[in-house]
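J.: Right, I'll just put the structure down here and ask away after.
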Ligand code: NAP
Ligand code: ZN
Ligand code: ZN
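Put into C-alpha cells, the structure is as follows:
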C-alpha cells in the first residue's frame, strides 16, 4: 500500500518521554478521508498507554484520540464528507462491522475487537500499530469519522470525542435525567464533561473531588452540590442518597466508600481505568441490591448524537491549550490532578 511520511510526536518505549518522530500514513483508499489535524485533546488513556500501564503497548506509540481537523482529500467512494469539512475522530478507526454489536451501533464492543485509533495492529499497514492524533494528519474510513457541529469551538470540541462520549454513553444507558441524583467522581477531563452532560440531562448532580481548588468551580461546571471526598464527614452525609455514580478516577481509590453512597438498586459505573485492580467488598453490594458496572466510550452513531447534544446545550470542554513540545510536562500535571479541565494540543506547534 502506498504511504506518505508525516510528522508526529510519540515514544519508543514505556520509560522514555515523547519526542518528535516521522510516521507513515496510508494514502487514502476509496472509502477514506484524509484529515489535517488542527487540535488533539490529551486523555489520561494516552498516558496509561504511552507508559504501558495497561500491559505492554505497541511501540513506537503515537497517542491521541480526541482529534479535530479539516478534510484535505477524500477517496472516490466517500459520500459523507468533502474537502474543507470540519470533522472529528475519536477512540476507534474501524471494527468488524458485521457482528451483533457492530450492527447495533455498539462498535466499541465489537466481538472481534474494535481497531483503536492508536496502539492497535494496523490492518492496512501490516506489522505497524495504528498511530493517533499527536500528528499532522490521519487517514480514516468515512464510517468512523464524525461531523463537528458548526456552533462548537473546534479546539473545545476535541475532548468531546473521548471525554464527551465516555460520559454521555453511561449517563444515557443508566437513564440519568430529571428526578435522579447522580454523583460524578474525579473532576478531570472525563469528570468535568460528566458534570456538564448530567446537568444538561436534567439530573441533580453531585461532584466528588479530592482537590480543594476545584470545589467552587465544580458548581460552574454543573454540580448542584460538591463533596470534598477526602473529608469522611462530608462523605457520610451522602450515604444511601444517590441513584447513580459515574466514577472517572484514573488512579487507585476506595470503591466501597462510593458504593455506600448508592440508594437501593443504585449503580456505580466505572469509566476510569486505573492501572491496578480495585477491591470490592461483597457487603458493599449485597445489602441494597447494588450494581458495580463499567462502560467503554460509545458507538459511532451515539458519538454523533452526543456532539449534537453538546452543540444544542452549548457545552464545549473547558480547555487549556498547549504546544506539543509541552506534552511530557502535561502528563506530569495529569498525574497530580492539575488540569482544568482538559489539555488540548494546538497541532500548529508540531510544524515549528
Ligand atoms: P484526568 O483528566 O487525569 O482526571 C482524573 C481525575 O481523577 C483527576 O483530575 C482527579 O480528580 C482524580 N484523581 C486522580 N488521581 C486520584 C487519586 N489518586 N485518588 C482520587 N482521585 C484521583 O483523566 P481523564 O482523562 O478524565 O481519564 C480518567 C480515567 O478514565 C483514566 O483512567 C482514563 O484512562 C479513563 N478513560 C476511560 C475511558 C473508557 O472508555 N472507559 C475513556 C477515556 C478515559 P479530582 O482532582 O477531582 O479528585
Ligand atoms: Zn480517551
Ligand atoms: Zn464487530
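In UniProt numbering, the protein residues as written are 1 to 352. Even glycine gets a Cβ: it sits at the ideal position worked out from N, Cα and C. All values derive from a computational prediction rather than experimental measurement.
1. Checking 9 Å against the spacing of the C-beta atoms, do residue 38 and residue 163 come in under that value?
2. Helix, strand or coil: how does DSSP classify residue 123 here?
3. In its own chain, which residues sit with a C-beta less than 7 Å from the C-beta of residue 350, not counting the 5 before and 5 after it?
4. Of all the alpha helix (DSSP H) runs that stay within the bounds of the stretch 121–186, which reach a length of 4 or more residues?
5. Just how far apart, CA to CA, sit residue 293 and residue 76?
6. Mapping the DSSP letters down to three states, classify residue 106 as helix, strand or coil.
7. Go to residue 350, then tell me how far its beta strand (DSSP E) extends in each direction, as first and last residue.
8. If you pair each beta-carbon of the stretch 268–282 with each one of the stretch 241–259, do three or more pairs fall below 8 Å?
9. Within this structure, are the beta carbons of residue 192 and residue 295 separated by less than 9 Å?
10. Consider the C-beta atom of residue 107 and the heavy atoms of ligand 3; say whether any pair is separated by less than 8 Å.
11. To the nearest angstrom, how far is the alpha carbon of residue 120 from that of residue 53?
12. Report buried or exposed for residue 152, applying the criterion of at least 16 other Cβ atoms within 10 angstroms of its Cβ.
13. Pick out whichever of 36, 34 and 57 has its Cα sitting closest to the Cα of residue 45.
14. Taking 7 Å as the limit, tell me which residues put their C-beta closer than that to any heavy atom of ligand 3, in chain order.
15. Where DSSP assigns a beta bridge to residue 73, which residues make up the other side?
16. Relative to ligand 2, is the shortest distance from any of its heavy atoms to the C-beta of residue 45 smaller than 8 Å?
17. Hey, how far is the Cα of residue 67 from the Cα of residue 208?
18. Measure how close the beta-carbons of residue 226 and residue 219 come, nearest whole angstrom, since I'm counting them as under 8 Å.
19. When every heavy atom of ligand 1 is checked, does at least one fall within less than 8 Å of the C-beta of residue 252?
20. By how many angstroms is the C-alpha of residue 15 removed from the C-alpha of residue 51?
21. Tell me the residue span of the beta strand (DSSP E) that contains residue 209.
22. Please confirm whether any heavy atom of ligand 2 lies closer than 8 Å to the CB of residue 50.
23. Who are residue 4's beta bridge partners in DSSP?
24. Which complete beta strand (DSSP E) runs does the stretch 51–96 hold, if anything under 3 residues is left out?
25. The beta strand (DSSP E) that contains residue 269, what's its start and end?
26. Restricting to runs no shorter than 4 residues, where is the alpha helix (DSSP H) found entirely within the stretch 206–258?
27. Are there any heavy atoms of ligand 1 lying less than 8 Å away from the beta-carbon of residue 337, as far as the coordinates show?
28. Looking at residue 296 and ligand 1, is the gap between the Cβ and the nearest heavy atom below 8 Å?
29. Which whole-angstrom value describes the C-beta separation of residue 318 and residue 333, a residue pair presumed to lie in contact below a C-beta threshold of 8 Å?
30. Would you call the stretch 114–134 and the stretch 173–192 in contact, with 3 or more CB pairs under 8 Å?
31. Quick one, which of 299, 132, 195 and 288 has its alpha-carbon nearest residue 347's?
32. By DSSP's criteria, residue 11 is part of a beta bridge. Which residues make up the other side?
33. Regarding residue 192 and ligand 2, is the C-beta to nearest heavy atom distance less than 8 Å?
34. Using DSSP bridges, identify the partner residues of residue 354.
35. Return yes when the C-beta of residue 91 is under 8 Å from any heavy atom of ligand 2, and no when it is not.
36. Please classify residue 275: does DSSP put it in a helix, a strand, or coil?
T.: So, from the data block:
1. no
2. coil
3. 7, 9, 136 and 324
4. 154–157 and 163–173
5. 43 Å
6. coil
7. From DSSP, residue 350 is part of no beta strand (DSSP E); its letter is neither H nor E.
8. yes
9. no
10. yes
11. 15 Å
12. buried
13. 57
14. 95, 96, 97, 98, 99, 101, 102, 107, 110, 111 and 112
15. 34
16. yes
17. 28 Å
18. 6 Å
19. yes
20. 6 Å
21. 204–209
22. no
23. 25
24. 67–74, 86–89 and 92–94
25. 262–270
26. 217–221 and 232–236
27. yes
28. yes
29. Actually they are not in contact, since the Cβ atoms of residue 318 and residue 333 sit about 15 Å apart, beyond 8 Å.
30. no
31. 132
32. 61
33. no
34. With the chain represented from 1 up to 352, any question about residue 354 goes unanswered, as that position is not in the structure.
35. yes
36. coil
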